[in-house]
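Data first, discussion second: the structure below is written as structure tokens.
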Amino acid sequence: DFGRSSELAFVVEPSDDIAVQEQPLILYCQVEGIQPITITWRKNGVMIVDSENAFMLANGSLYVSRFQRVRGDGSSDEGEYDCMAQNHYGLLVSRKAKIQAATMSDFHIHPQNAVVEEGGVARFQCQIHGLPEPVILWHKNSMPVNTDNERYTLLPKGVLQITGLRAEDSGIFHCVATNIANVKFSREARLTVSGSHSTVYKDPMILVGPENLTLTVHQTAVLECIATGNPRPIVSWSRLDGRPIGVEGIQVLGTGNLMISDLTVQHSGIYVCAANKPGTRVRRTAQGSLIVQAPAEFVQHPQSISRPVGTTAIFTCVAQGEPPPQITWLRNGQILETSDHIKLKNNNSTLSIYGINQADEAIYQCLAENSAGSTQASARLTVLWADGLPSPPQSVRAETVSATTIQVSWEKPLQNTKEIIGYVLHIRKAADPVEMEYQEAVSKSTFQQLVTDLEPSTSYSFYIKAYTSRGASKASEVTVVSTLGEVPAMPSLFIKVINSTTVQATWEPSIKLGQHEGFKLYYRKVHLSQYTGPVLLASNITAYNITHLDASVVYEVKLLAYNQHGDGNSTVRFVSLRETVERTVLNPPCDCMKDEQNNKTSTTGIIIGIHIGITCIIFCILFLMFGYRGRLLMCKNVQEQLSTPQIPRSQRSATGLVLNGATRRDRDDRDLNGKQLDMNELERLFPASPSQEQQEKGITSAHSLSAPHDETQISTLPLDEFSIIEEQPDPLPKNPHASSPAAPAPNHGSANEG
């Protein structure tokens with residue numbers, strides 16, 4: 001039913017201003033809304049009473065006839081002003097306007113005399129404080145400096161730069177500062193341009209780098225950078241974070257000063273000025289920070305709402321700015337105090353009012369403020385109340401049934417009960433905030449409700465409302481009752497056999513146990529009725545060893561948790577040590593260190609076996625190669641011996657063998673020429689290393705010489721001295737001593753044939 005025009009709102013609010021001493025000051029305030037509306041003014045939170053010096057105009061504005069920074073009584077017209085508007089629906093407060101007196105101090109930096117060579121750079125500076133910020137102009141020889149000259153650069157902070165100096169630039173300079181409070185002149189400084197332009201090389205050097213600046217959005221920033229060198233260095237700008245500076249609103253003043261117009265928060269950062277020698281990488285740098293602040297402004301305004309009695313009203317107010325603004329809520333112009341049913345959340349961005357009633361009907365304001373400025377937004381809460389609603393339910397009672405259940409009962413309201421369509425039971429832990437409340441709906445014919453799934457030993461609050469199609473009744477009286485205490489739940493129990501006389505009982509701590517003071521442990525032999533215990537264990541203990549047990553019987557172990565309300569249900573486990581003893585005998589425990597050592601030994605044996613196997617294969621190959629060579633030589637000798645009569649085995653003796661060796665030497669001498677050709681051919685086909693041949697020859701010679709002394713050395717005769725003959729087995733000798741000297745020969749021959 002309420003349009004925007006009916007809302008109490010500001011059309012014009014007072015704004016920050018700088019007042020001139022002894023001059024009039026007007027602060028504007030214009031409000032719209034349902035009449036009658038009353039407007040009043042405050043300074044620094046104190047109500048302003050109309051007087052000859054300050055009074056309110058008919059349109060609601062405040063008029064100060066003669067502004068004074070300091071009055072005779074010590075008071076001042078400087079301060080923070082706001083206006084308040086009030087009508088039947090509530091009170092509204094404007095933003096705070098900061099009023100300051102216009103001032104100007106003396107110059108605290110004056111220009112200094114300078115002597116600079118021709119072609120160089122001259123810089124003069126003067127500084128002065130004032131409100132508003134003084135405008136500084138420069139004069140040369142009592143005449144304003146020609147700003148059309150590109151070599152002359154005037155910066156806002158009172159800096160004059162002259163580049164590419166010439167003789168005509170010499171003169172007397174001073175600056176003039178002006179604002180609404182005063183006009184002041186600095187001391188004079190003389191500039192002398194000496195000599196001619198120098199051609200001596202000079203490294204680039206930055207005379208003055210950028211200062212750290214803190215400004216507000218939409219202002220203009222000038223970052224100074226003046227460099228010298230020969231040749232004249234090239235000045236460039238960049239951001240330390242690598243982001244591009246951009247081109248919109250960017251301008252270079254003079255030979256290297258950076259000007260940024262219409263500042264935004266995104267312009268904040270550290271700026272780097274670099275002076276580069278042309279054509280090289282020789283450079284000098286300087287840097288300065290720029291901080292851009294933004295006054296608080298609303299992203300989301302609070303909206304006026306209408307809510308029935310007993311419901312919840314929520315206002316949302318979201319503001320942004322740099323630095324981030326602080327949000328404060330007012331109720332009819334007064335700072336809002338939080339309570340059980342009034343809560344602020346999300347850094348004060350959300351205002352929630354629970355269980356509203358007619359006393360909550362008001363204008364609620366959101367004030368957002370930071371160092372760059374402040375703003376406000378308002379919304380009205382209308383509490384809907386219909387005539388003929390039921391009165392509150394009566395005789396609300398709550399009785400504890402168990403540790404998790406409470407029964408709530410009530411009686412119907414005394415008035416206007418015909419339109420009741422049901423009841424709503426409001427439930428909350430007594431220690432919780434109001435927003436944690438929840439509800440359960442009940443039919444209109446039911447006057448009791450069993451509330452379950454509650455927490456043991458916890459206090460709960462309850463109240464009832466009766467609902468109709470046109471709204472709810474007021475809340476009944478609140479009743480508070482606590483649930484009963486609860487014994488702990490059953491713990492999880494595990495039994496581990498340590499040895500033949502010891503078992504270990506372990507259990508897990510769990511929040512499902514509830515509040516418990518500790519544990520009780522019992523154990524017994526199953527055929528006995530008497531338990532050993534209880535063993536009392538603290539709540540932080542999770543294991544216990546039961547010792548000195550009998551390995552021949554079965555044991556029962558019981559564990560329970562207890563608290564001030566009594567013992568909980570127990571967990572029972574049975575354990576037999578007999579099977580463990582038998583299993584230990586049949587399967588002795590492994591010696592891990594020993595097994596590990598055995599594994600290491602087995603691995604070493606495998607490696608050694610592989611090496612031995614490879615060595616054997618190599619020796620076998622060598623044996624086959626040299627054995628094949630020996631068979632060829634033996635075949636050659638057999639052909640030569642076909643014409644030689646062979647001595648039967650029965651006629652062989654040690655003497656014959658020795659003579660045979662002598663005969664061999666004679667035959668070697670006779671057939672030396674013919675046999676040498678055959679040996680050369682064999683050696684060409686089957687070459688052998690000289691060392692092996694020498695070893696064979698040496699061994700043969702040695703054995704041939706030693707044969708008469710040791711008849712067992714016959715086995716070292718070379719292969720080419722043996723022949724393949726047919727022979728009959730000799731009868732066993734009658735004298736065992738007669739055949740013993742010849743016994744080694746057949747065995748040796750047989751071994752070589754094999």
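The sequence shown maps to residues 1 to 754 in UniProt numbering. A virtual CB, placed ideally from N, CA and C, is assigned to each residue, including glycine. Being a predicted model, the structure only gives us computed values, none of them experimental.
Whole-angstrom distance between R66 and I305, CA atom to CA atom: Numbered from its first residue, the sequence shown carries residue 305 at position 305. Numbered from its first residue, the sequence shown carries residue 66 at position 66. Distance between the alpha carbons of I305 and R66: 44 Å.
Please report the straight-line C-alpha distance between E369 and V282, rounded to a whole angstrom. For the purposes of this step, residue 369 is taken as residue 369 along the sequence shown, with counting starting at 1. For the purposes of this step, residue 282 is taken as residue 282 along the sequence shown, with counting starting at 1. Spanning the two alpha carbons is a distance of roughly 48 Å.
Would G568 and V497 be called neighbours here (beta carbons separated by less than 7 Å)? Mapped onto the sequence shown, residue 568 falls at position 568. Mapped onto the sequence shown, residue 497 falls at position 497. Taking 7 Å as the Cβ cut-off, G568 and V497 do not qualify as a contacting pair.
Residue nearest to A97 in terms of C-alpha spacing, selected from H108, M84, S15, A58: If you number the sequence shown from 1, residue 97 lands on position 97. Cα-wise, what sits closest to A97 is S15.
Quick one: residues in its chain with C-beta nearer than 6 Å to the C-beta of E13, no 5 flanking neighbours on either side, listed in chain order? Indexing the sequence shown from 1 puts residue 13 at position 13. Closer than 6 Å at the Cβ level, and outside the excluded window around E13, lie S94, R95.
Would you report the Cα separation of S371 and Q100, rounded to the nearest angstrom? Working through the sequence shown from its first residue, we reach residue 371 at position 371. Working through the sequence shown from its first residue, we reach residue 100 at position 100. Roughly 16 Å separates the two Cα atoms.
Going by beta carbon distance, what residues of the same chain come within less than 7 Å of V115, once the five residues before and after it are set aside? Taking the sequence shown and counting its residues from 1, one reaches residue 115 at position 115. Cβ neighbours of V115 beyond the five flanking positions: T192, S194.
Here's a check: name, in chain order, each residue in its chain whose Cβ is nearer than 6 Å to the Cβ of K474, leaving out the five neighbours to either side. Taking the first residue of the sequence shown as position 1, residue 474 is located at position 474. Result list for K474: P392, in chain order.
Cβ distance (whole Å) where G310 is taken to contact K465 below 8 Å: What you label residue 310 is simply residue 310 of the sequence shown in a count that begins at 1. What you label residue 465 is simply residue 465 of the sequence shown in a count that begins at 1. About 6 Å separates the two Cβ atoms, so the contact holds.
Runs of 3 residues minimum, wholly inside the stretch 175–221: which ones carry the beta strand (DSSP E) assignment? 183–185, 189–194, 202–208, 213–216
Q266 vs M259 beta-carbon contact at 7 Å: In the sequence shown, the residue the question calls residue 266 occupies position 266. In the sequence shown, the residue the question calls residue 259 occupies position 259. No, they are not a contact pair.
Looking at C-alpha atoms only, which residue of N44, P413, F519 is the closest neighbour of D82? What you label residue 82 is simply residue 82 of the sequence shown in a count that begins at 1. Answer by Cα proximity: N44.
Residues in the same chain with beta-carbon distance under 6 Å from T328, minus the five sequence neighbours each way, listed in chain order, please. For the purposes of this step, residue 328 is identified with residue 328 of the sequence shown, where counting begins at 1. If we look at T328 and ignore the five residues flanking it on each side, its Cβ neighbours are L367.
What residues in its chain sit with their C-beta under 7 Å from that of S196, if we drop five residues either side in the sequence? Residue 196 sits at position 196 when you count from the first residue of the sequence shown. Excluding sequence neighbours, S196 sits near E118.
Nearest-angstrom Cα distance between I621 and G605? Position 621 of the sequence shown holds residue 621. Position 605 of the sequence shown holds residue 605. Their backbone Cα atoms lie some 24 Å apart in a straight line.
Looking only at its chain, what residues have a beta carbon closer than 6 Å to the beta carbon of A379, apart from the 5 residues adjacent to it on each side? Along the sequence shown, read from residue 1 onward, the residue named residue 379 stands at position 379. Excluding positions up to five away in sequence, the list reads P302, Q303, S304, F315, Y364.
Counting only runs that start and end within the UniProt domain "Fibronectin type-III" (392–486), where is the beta strand (DSSP E) found for 3 or more residues in a row? 394–400, 406–411, 422–429, 438–442, 448–451, 459–468, 479–482
What whole-angstrom Cβ distance do C225 and I206 have, given they're in contact under 8 Å? One-based indexing of the sequence shown puts residue 225 at position 225. One-based indexing of the sequence shown puts residue 206 at position 206. About 7 Å; that satisfies the 8 Å criterion.
Continuous beta strand (DSSP E) stretch holding T375: start and end: The residue labelled residue 375 in the question sits at position 375 within the sequence shown. Element bounds for T375: 373–384.
What are the complete beta strand (DSSP E) segments, minimum 3 residues, inside the stretch 296–323? 305–308, 313–316, 318–322
When the distance is taken between beta carbons, is I406 closer than 7 Å to C442? For the purposes of this step, residue 442 is taken as residue 442 along the sequence shown, with counting starting at 1. For the purposes of this step, residue 406 is taken as residue 406 along the sequence shown, with counting starting at 1. For clarity, residue 442 is Val in the given sequence; the question names Cys instead. Contact flag unset, no.
May I ask you to list the residues that DSSP assigns as paired with E369? As a working mapping, residue 369 is identified with position 369 in the sequence shown. In the DSSP output, where bridge partners are listed per residue, E369 has Q326, S374.
Would you identify the three-state DSSP class for R123, choosing helix, strand or coil? In the sequence shown, counting from the first residue as 1, residue 123 sits at position 123. It is a strand residue.
Leaving out five residues on either side along the sequence, give the residues of the same chain with a beta carbon under 8 Å from the beta carbon of V481. Mapped onto the sequence shown, residue 481 falls at position 481. Once the five neighbours on either side are set aside, the close Cβ partners of V481 are A398, E399, T400, I406, S459, Y460, F462.
What is the DSSP secondary structure of I353, counted as helix, strand or coil? Position 353 of the sequence shown holds residue 353. Of the three classes helix, strand and coil, the one that applies to I353 here is strand, per DSSP.
So what does DSSP say about Q30, is it helix, strand or coil? Stepping through the sequence shown from its first residue, residue 30 is reached at position 30. Strand at Q30.
According to DSSP, what are the bridge partners of H139? Taking the sequence shown and counting its residues from 1, the one referred to as residue 139 is at position 139. DSSP output for H139 lists P144, H174 as bridge partner(s).
Would you report the Cα separation of T663 and M625, rounded to the nearest angstrom? Here residue 663 corresponds to residue number 663 of the sequence shown, with the count starting at 1. Here residue 625 corresponds to residue number 625 of the sequence shown, with the count starting at 1. Only weak support is given to the placement of T663: the predicted model assigns it a pLDDT of 38, under 50, and the question is left unresolved by the model.
Let me know if H611 comes out buried or exposed under the rule of 16 or more other beta-carbons within 10 Å of its beta-carbon. For the purposes of this step, residue 611 is taken as residue 611 along the sequence shown, with counting starting at 1. Counting Cβ neighbours within 10 Å, H611 comes out exposed, since fewer than 16 surround it.
Could you spell out the range, first to last residue, of the beta strand (DSSP E) harbouring Q86? Numbered from its first residue, the sequence shown carries residue 86 at position 86. It spans 79–87 - the beta strand (DSSP E) in which Q86 sits, taken as one unbroken run.
When DSSP labels each residue in this structure, what does A54 get in the three-state scheme? Numbered from 1 along the sequence shown, position 54 holds the residue referred to as residue 54. A54: strand per DSSP, three-state reduction.
What residue range does the beta strand (DSSP E) around C273 cover? The residue given as residue 273 occupies position 273 in the sequence shown. From DSSP, the beta strand (DSSP E) with C273 extends over 269–276.
Along the chain, where does the beta strand (DSSP E) containing D360 start, and where does it finish? Numbered from its first residue, the sequence shown carries residue 360 at position 360. Counting along the chain, D360 falls outside any beta strand (DSSP E), and DSSP gives it neither H nor E.
State the DSSP-derived secondary structure class of T532, mapped to helix, strand or coil. Your numbering for residue 532 matches position 532 in the sequence shown. Three-state DSSP puts T532 in a strand.
Can you have a look at L586 and say buried or exposed, based on whether 16 or more other CB atoms are within 10 angstroms of its CB? The residue you call residue 586 lines up with position 586 of the sequence shown. Caution is warranted here: a pLDDT of 49 is assigned to L586, below 50, making its placement in the model unreliable, and the coordinate value is therefore given only provisionally. Exposed.
Using 10 angstroms around the beta-carbon of E322, count the other beta-carbons present and answer buried if the total reaches 16, otherwise exposed. Position 322 of the sequence shown holds residue 322. Result: buried.
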